[in-house]
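Residue numbers (my numbering): 676 to 984.
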């Protein structure tokens, strides 16, 4: 008994020390490689951050300069803050009108596409029926369809429906936004609703909850991270949409911000107002930054593991 105990102690004691050429020495090169990869990743991410942040900072402080300062000293700071650039862009360049149109179009399309997309994804994920997979893969096929191939037939469809002229042109644009954002929304939310426990819906059914009540009061709140993430992605995509408004939105009074910036840039050849131009760009970018800063935690929680302790 004594010999066995001593030998086991010797074995444990010997295993607690690093032997030259053992595992401890083999782990050191791996740690060095891991440290080198971490430094490389940080370096690449730092360079990428500079490529994104520096042009944004330059655009912001350039928006407070006069057109003469922009042309003579494009990278220097403004001699005096030109706040009137923003007021001139908002009124004379009609950015305020375009901003309101964009809020109406994007806000309405976002509400409609989130409601329809969530309902469609929930049904396809939770209710097996004949043709379920055909409908799902048909929706996914919409992600592979280029937008520029659909704008010409879509133009004639909306024209025949009378949704191109007058204020109804905004309705046609909203429906077009919904149509092109719906496949991505269904694809994204389908995985979230598929992963929800089946026992919860069964318990709701036992308590007497119908399908609509189960969806709106139980399942929809449980999919909140996915809803927040896809809403942010849709907002960014719809806010920056350019091709659809360019082709389908003919009325000048219905123009959105993307069209307004293009018109303002085209006017620079006749009327030089670079300060107002840069101010208009900043006004266009601010809502996107605000939305991302406010909802970045929901975005991280929806597409990856939570960072909360």
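A virtual CB, placed ideally from N, CA and C, is assigned to each residue, including glycine.
- The stretch 866-893 contains, as complete alpha helix (DSSP H) runs of 4+ residues, the segments 873-881, 886-889 (chain order).
- In the three-state DSSP reduction, residue 834 falls in the helix class (H, G or I).
- Apart from the 5 residues on each side of it in sequence, residue 876 sits with its Cβ closer than 6 Å to the Cβ of 889 in its chain, given in chain order.
- Of all alpha-carbon atoms in 795, 832, 913, 760, the one lying nearest the alpha-carbon of residue 963 is that of 913.
- A straight line joining the alpha-carbon of residue 769 with that of residue 932 spans about 10 Å.
- Here the stretch 822-830 does not lie against the stretch 740-759, with fewer than 3 beta-carbon pairs under 8 Å apart.
- When C-alpha distances from residue 787 are compared across 716, 852, 801, 886, the shortest belongs to 852.
- Collapsing the DSSP output to three states places residue 825 in coil.
- Residue environment: residue 716 is assigned as exposed (fewer than 16 neighbouring CB atoms within 10 Å of its CB, all protein chains considered).
- Secondary structure note for residue 757: it is in no alpha helix (DSSP H), with a DSSP letter that is neither H nor E.
- A straight line joining the alpha-carbon of residue 747 with that of residue 949 spans about 12 Å.
- Sequence-distant Cβ neighbours of residue 922 in its own chain, meaning closer than 7 Å and more than five residues away, are 826, 830.
- Taking residue 869 as the centre and dropping the five residues before and after it, the same chain places the C-beta of 800 closer than 7 Å to its C-beta, in chain order.
- One Cα belongs to residue 934, the other to residue 775, and the distance between them is close to 13 Å.
- The criterion of a C-beta distance shorter than 9 Å is satisfied by residue 764 and residue 958.
- In the structure shown, residue 776 falls within a helical segment according to DSSP collapsed to helix, strand and coil.
- Within the same chain, Cβ atoms closer than 6 Å to the Cβ of residue 919 are found at 851, the five residues on either side in sequence being excluded.
- 783 is the residue among 892, 718, 859, 783 whose C-alpha sits nearest the C-alpha of residue 846.
- For residue 912, the uninterrupted alpha helix (DSSP H) run begins and ends at 899-914, by DSSP.
- Collapsing the DSSP output to three states places residue 744 in a helix.
- In terms of Cβ geometry, residue 860 and residue 793 form a close pair [threshold 9 Å].
- In this structure residue 885 is exposed. Its beta-carbon is surrounded by fewer than 16 other beta-carbon atoms within 10 angstroms.
- Judged by DSSP in its simplified three-state form, residue 738 adopts coil rather than helix or strand.
- For residue 812, the uninterrupted alpha helix (DSSP H) run begins and ends at 807-816, by DSSP.
- The continuous stretches of alpha helix (DSSP H) do not include residue 751, and DSSP gives it neither H nor E.
- For the pair residue 809 and residue 817, the Cα-to-Cα distance works out to about 13 Å.
- Judged by DSSP in its simplified three-state form, residue 768 adopts coil rather than helix or strand.
- In terms of Cβ geometry, residue 915 and residue 844 do not form a close pair [threshold 9 Å].
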